[in-house]
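Chemist: Heads up: the sequence shown begins at 40 in my numbering, then just goes up one per residue. Using N, Cα and C, we set each Cβ at its ideal position, and we do this for glycine too. Model, not experiment: these values are computed from the prediction. First, the structure itself, so that you have it in front of you.
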Amino acid sequence: MTTVDRPVTGSVELRPVDRDSFRGLLGRQEPTVTVVTAPGLAFGRRLPSLPPAGGAATDLTAESDDPPLVSFRLARQPANCPPLARAEHLAVHLLATGHPLATGHPATVDLFILDGAARLDWVPGPFGVPLIGDARAVLLCRVVRRTEAGDHTVVLGEPLALGADLAVRAR
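If you want it as structure tokens, here you go:
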């Protein structure tokens, strides 16, 4: 098992997951939009690399407290499929409903670059996973299982770390 055993800082602070912070995070959620991010993919010298990717997720659910597990659904669309479909680690971001990504439909857009310019504030986190800086909460997860379900993929993830601000707000 991979763990994050100390706080990780940048514009997003992550802490190890414990039962109370996990319950607090998912037990008292304000209305949010869920966006999942994955690191880019490198294929070697002969093929181009893919940049970090992200997409809207639906049905974020706490599946278990012990061990902590979450599930969510991702649309299987060409624009976000390769990195999200192959990543061993993902970040689940809970964005305020007024966030710029929440007002559009982020399922098929490049979340990180638009017309050659940075589109949002993010930093590379553990395992190279992009962390959105102004998210209300972040769960850094190890992918446990993916299950195809029609035009969606159901992802089961084990939270390794969570955004510090979220744990404070949820208390």
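Using three-state DSSP, classify Arg62 as helix, strand or coil.
Modeler: Helix, per DSSP.
Chemist: Taking the C-alpha atoms as reference points, what is the distance between Val148 and Arg115?
Modeler: Low confidence applies here, because Val148 scores a pLDDT of 46, under 50, leaving its location unreliable and the question unanswered by this model.
Chemist: Could you give the distance in angstroms between the alpha-carbon of Gly189 and the alpha-carbon of Phe111?
Modeler: Using only the alpha carbons, I get a separation of about 14 Å.
Chemist: Does Arg125 pass the burial test, meaning 16 or more other C-beta atoms within 10 Å, or should it be called exposed?
Modeler: Arg125 should be labelled exposed.
Chemist: Between which two residues does the beta strand (DSSP E) harbouring Glu138 extend?
Modeler: Per the sequence presented here, residue 138 reads as His, with Glu not at that position. It is not in any beta strand (DSSP E) - His138 carries neither H nor E in the DSSP assignment.
Chemist: Under a Cβ-count criterion, where at least 16 other Cβ atoms within 10 Å of its own Cβ denotes burial, should Ser88 be classed as buried or exposed?
Modeler: Counting Cβ neighbours within 10 Å, Ser88 comes out exposed, since fewer than 16 surround it.
Chemist: Please report the straight-line C-alpha distance between Val72 and Ala101, rounded to a whole angstrom.
Modeler: The alpha-carbon atoms of Val72 and Ala101 are separated by roughly 16 Å.
Chemist: The beta strand (DSSP E) with Ser88 in it runs from where to where?
Modeler: Element bounds for Ser88: n/a, residue is neither H nor E.
Chemist: Near Arg58, which residues of its chain fall below 8 Å by C-beta distance, leaving aside the five closest residues on each side in sequence?
Modeler: Asp104, Asp105, Pro107, listed in sequence order.
Chemist: From the DSSP output, in three-state form, read off Ala77 for me.
Modeler: Looking at Ala77 - three-state DSSP - the assignment turns out to be strand.
Chemist: Could you tell me the boundaries of the beta strand (DSSP E) in which Ala176 lies?
Modeler: Counting along the chain, the beta strand (DSSP E) containing Ala176 begins and ends at 176-188.
Chemist: Might you give, ordered along the chain, the residues of its own chain that have their beta carbon closer than 6 Å to the beta carbon of Asn119, omitting 5 neighbours on each side?
Modeler: Only weak support exists for where Asn119 lies, its pLDDT of 49 falling under 50; the value from the coordinates is given anyway. Ala92, Gly94, listed in sequence order.
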